[in-house]
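Chemist:
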Amino acid sequence: MPKSYALIDCNNFYASCERAFRPDLVGRPVVVLSNNDGCVIARSNEAKDMGVPMGAPYYKCRSMLERRGVAVFSSNYALYGDMSARVMKILTRFCPEVEIYSIDEAFCDLTGIQGGAEAFGRKLRATVHAWTGIPVSVGVGPTKTLAKLANRFAKKQERCRGVFDFGASPAPDLVLQWTEIGDVWGIGPRHAKRLRKMGVTNALKFRELKRNWVKKKMTVAGLQTLLELRGWPCLDFAMGPVGKKTIVSSRSFGHPVTSLEDMLEATAKYMTRAVEKLRKQRSVASIIHVSLETNRFKLGEPQYSDTLSIPLAISTSHTPTFIRAAQAGMERLFKEGYTYKKCGVMLSGLEPEHGRWLNLLALPPAHRPSDKPLMQAVDNCNTKWGRDTVAFAASGIRQGWKMKREMRSPRYTTVWDEILQVG
DNA sequence: TCTGGGGTCCTAGGACCC
DNA sequence: TCTGGGGTCCTAGGACCC
């Protein structure tokens, strides 16, 4: 039986989340900023129509946004994560086979669905909107890449009213022709530029290219895109949570950092967060990477950035072990005389917590029997009473480097004190 | 003053081994 | 004048995604 996939994508997700709790903002332009209120990362349709570009530095468009009455928010990931979970839960109710692809997107396997894909899509869209306030678009196609394409078409073409089934279209090639080459899933700016130069300006023209040429110039990833556009499924459908292979925690500082002390505090803090994520997916890690960088936009200042990898003697998820190693690494990386903008840590060599290889030669101080309950107790406290209820002293108290989020909306759905008040 | 953060996969080329 | 060849593993860097 031919496959049928739906891609459900939340429209302007972060902006829609802000709006879900602020009905006064319906019809008004809304933008959401990145960490540190750095740049624009989400825009409502009204803001897009005003020409606010994605990724625009906030300081450059701030006065324009104010002048035109745009509602501006710092990012509120607690809210977005929770809203995402609600949307995904609804999808799972309607369709047992769901692959959560990102915070605002999921694929559903509709193969063999009764009553037609479009009707299914309409029902899903109406339900998600009614239950969460989030508008979604639904695209359906015989491969994931075509479902993506259909989704874009549904979103951009008014007459689709949010749902488009590629398979039921009388003229699917026109949709391919309509899709600009850079908007094809899997074709990034580099390849798009080169293809355009050759006259391959849309998805239909790309589909006509020779397999061998595409494989040679764009590797197997490009070949998969080609075949998927031809209707051959190449990309797997992955249900259930997939454990990450690397875990990153890195952030720009709220203020420039010049001292080693601040750098070590931030390193401890980010490492704490990374290892929390590690335990959450029930994994252990064996390699640490630390990195730092100066502000690459300040052309006049001396620039320096570097990363360092540190193998641990044993795989673990014990936070103090990671903090010690990461700070030692950061001390080696740090050079006086530079003004730093950002640092980060990454964990790799991840394995499941149970059934991992043990290094028989290494002394395992990180695995005294008491360590695991300790970490568990820390996690429990922080889950119950909020992040950083229990923290590590190495992260410091002052935290002068902490990021700025001056326009964050209340965490309506995850913190009792910030719940929406009526009346 | 002010420019995000977190991921995956592929390939080429070097190191190393026999 | 004039290099051996072939395999595996690892890493850095590139390209892509949201």
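Take the first sequence: its position 275, counted from the start at 1, is 275 in the UniProt record's numbering, and no numbers get skipped. Ideal Cβ placement from N, Cα and C applies to all residues, glycine included. Computed from a predicted structure; not experimentally measured.
Let's see if you can read the secondary structure: which residues bound the alpha helix (DSSP H) around G121?
Modeler: A117 to T132 is the span of the alpha helix (DSSP H), which, as asked, contains G121.
Chemist: Can the beta-carbon of L347 be found less than 9 Å from the beta-carbon of I247?
Modeler: Result yes, Cβ atoms of L347 and I247 sit closer than 9 Å.
Chemist: At the level of alpha carbons, what is the spacing between F73 and G133?
Modeler: Their backbone Cα atoms lie some 18 Å apart in a straight line.
Chemist: G386: which of S169, W416 and K341 sits nearest, CA to CA?
Modeler: Taking only the C-alpha atoms, the option nearest G386 is W416.
Chemist: Judging by CA-CA distance, which residue of G329, L149, E46 and G423 is the nearest neighbour of I181?
Modeler: Nearest option by C-alpha distance: L149.
Chemist: Could you tell me which uninterrupted alpha helix (DSSP H) segments, each at least 4 residues in length, are contained entirely in the stretch 308 to 396, listed from first to last along the chain?
Modeler: Within the stretch 308 to 396, the complete alpha helix (DSSP H) runs of at least 4 residues are 319 to 333 and 371 to 385.
Chemist: Could you give the residue range of the beta strand (DSSP E) that holds P256?
Modeler: From DSSP, the beta strand (DSSP E) with P256 extends over I247 to V257.
Chemist: I'd like the list of long-range same chain contacts for A366, defined as Cβ closer than 7 Å, with 5 residues on each side in sequence excluded.
Modeler: A caution first: A366 carries a pLDDT of 48, below 50, which makes its placement in the model unreliable, though a value can still be read off. Around A366: I314, T316, H318 and T321.
Chemist: Can you check DSSP and say which residues form a bridge with F21?
Modeler: None, per the DSSP bridge assignment.
Chemist: Pop quiz: V31 and A15 are said to be a contact at Cβ under 8 Å. What is the actual Cβ separation, rounded to whole angstroms?
Modeler: So it is a contact: roughly 7 Å between Cβ atoms.
Chemist: Which residues mark the beginning and the end of the alpha helix (DSSP H) in which residue 426 is found?
Modeler: The structure shown does not extend to residue 426, since the chain spans only 1 to 423, so no value can be given for it.
Chemist: Quick test of the definition: if touching needs 3 or more C-beta pairs under 8 Å, does the stretch 159 to 174 touch the stretch 248 to 267?
Modeler: The answer is no - the stretch 248 to 267 does not touch the stretch 159 to 174, with fewer than three Cβ pairs under 8 Å.
Chemist: Hey, out of K197, D37 and P233, whose CA is closest to M403's CA?
Modeler: It is D37.
Chemist: Could you name the residues that DSSP lists as bridge partners for S291?
Modeler: Answer is T307 and G344.
Chemist: Considering only C-alpha positions, which residue in the set M88, I103 and S102 is nearest to P96?
Modeler: It is M88 whose Cα lies nearest to the Cα of P96.
Chemist: Opposite L7 in the DSSP bridges: which residues?
Modeler: DSSP, once it has assigned bridges, lists F107 and G139 as partnering L7.
Chemist: Between the alpha carbons of T389 and C381, how many angstroms are there, rounded?
Modeler: Those two C-alpha atoms are separated by around 7 Å.
Chemist: In whole angstroms, what is the alpha-carbon distance linking A326 and A268?
Modeler: Their Cα atoms are separated by approximately 7 Å.
Chemist: Touching or not, the stretch 170 to 179 and the stretch 198 to 212, by the rule of three or more beta carbon pairs under 8 Å?
Modeler: Verdict: yes, contact present.
Chemist: Distance check for L79 and L110, CA to CA, integer angstroms please.
Modeler: Computed Cα separation, rounded: 29 Å.
Chemist: Examine the Cβ distances between the stretch 394 to 411 and the stretch 59 to 75 and report whether three or more of them are shorter than 8 Å.
Modeler: Taking 8 Å as the limit for Cβ pairs, the verdict is that the stretch 59 to 75 does touch the stretch 394 to 411.
Chemist: Considering only C-alpha positions, which residue in the set R196, V70, E418 and V52 is nearest to D24?
Modeler: The shortest C-alpha separation from D24 is found at V70.
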